[in-house]
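Below is one structure; the comments refer to it alone.
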Amino acid sequence: MASSLASQLYKMRTLDRVVGNERSHNVKASFLFDGRQAADLDNQTIFDIGREGLSELRRINRRFDGYASTLFSEAVKDMDRVLQTKEENDKLDESIRSFLFLLAPHFLTKPAGKAIEWLVRRFRIQEFNVKDVLAAMFPYHETKAFLTMLTILTFDAADMGLFGFLTLQRKARRLLDRATLMAQCERDRSLMAFICNSVFSAIRAGLDYPGLHSFYAVMMS
């Protein structure tokens, strides 16, 4: 009974996403392009961009190889995640999460941008994987790339308590400086807990890098 109710609620939420997506067909969320320019680019073009980015990332780190047959495969090119079951989306989320943490050390590179563009277009990570995106990319909070990502994120009402302060940065198109982030962590210890848990998760998965350690050291100082 509980399982059936959860399934019904899941379908209702995804239906809302379908309606919202249909209303915004003249503008597409994009990490690399403005919304109207992105709307003029079909899925095949974005897929090719993403595959090119992945190919370049694979030359940097062979741990990206496995994603050629999952997130960047022909099999998912025309997949609409809102039509998938909860179980299928849970599995997809797990793959996206691991990819984002693996991508984090390269976030400011062109190959990473290309890969992210595909994840935004096909899997709508800016809507469905907001926490994972922020968990992986918070170390870059003072960069223009982070602000660009922030401008396309969609926060659920349930997440506004934790991430609502980011909407002010987005509205002002202002970089999130360290003082602002640390002050927010002082006001809301759950934000600090989120950041710490994100760092520990990356380390446990063997996906840490010097920039992550530096970020954590400063946040703890």
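Residue numbers for the sequence shown, in numbering that gives the first Met the number 0: 0 to 220.
For each residue, glycine too, the CB sits at the ideal point set by N, CA and C.
- Assignment of beta strand (DSSP E) within the stretch 125-164, counting only whole runs of 3 or more residues, yields no such run.
- Residue burial annotation: phenylalanine 199 is exposed, with fewer than 16 other C-beta atoms found within 10 angstroms of its C-beta.
- A distance below 9 Å separates the beta carbons of phenylalanine 214 and proline 138.
- Here DSSP, grouped into helix, strand and coil, assigns alanine 216 to helix.
- Taking a contact to require three or more Cβ pairs closer than 8 Å, the stretch 123-142 and the stretch 173-187 qualify as touching.
- Going by C-alpha positions, arginine 203 is about 31 Å away from valine 81.
- Here glutamate 126 is buried. Its C-beta has 16 or more other C-beta atoms within 10 Å.
- Annotated three-state conformation of leucine 102 is helix, per DSSP.
- When C-alpha distances from asparagine 42 are compared across Leu56, Ser97, Met78 and Thr84, the shortest belongs to Met78.
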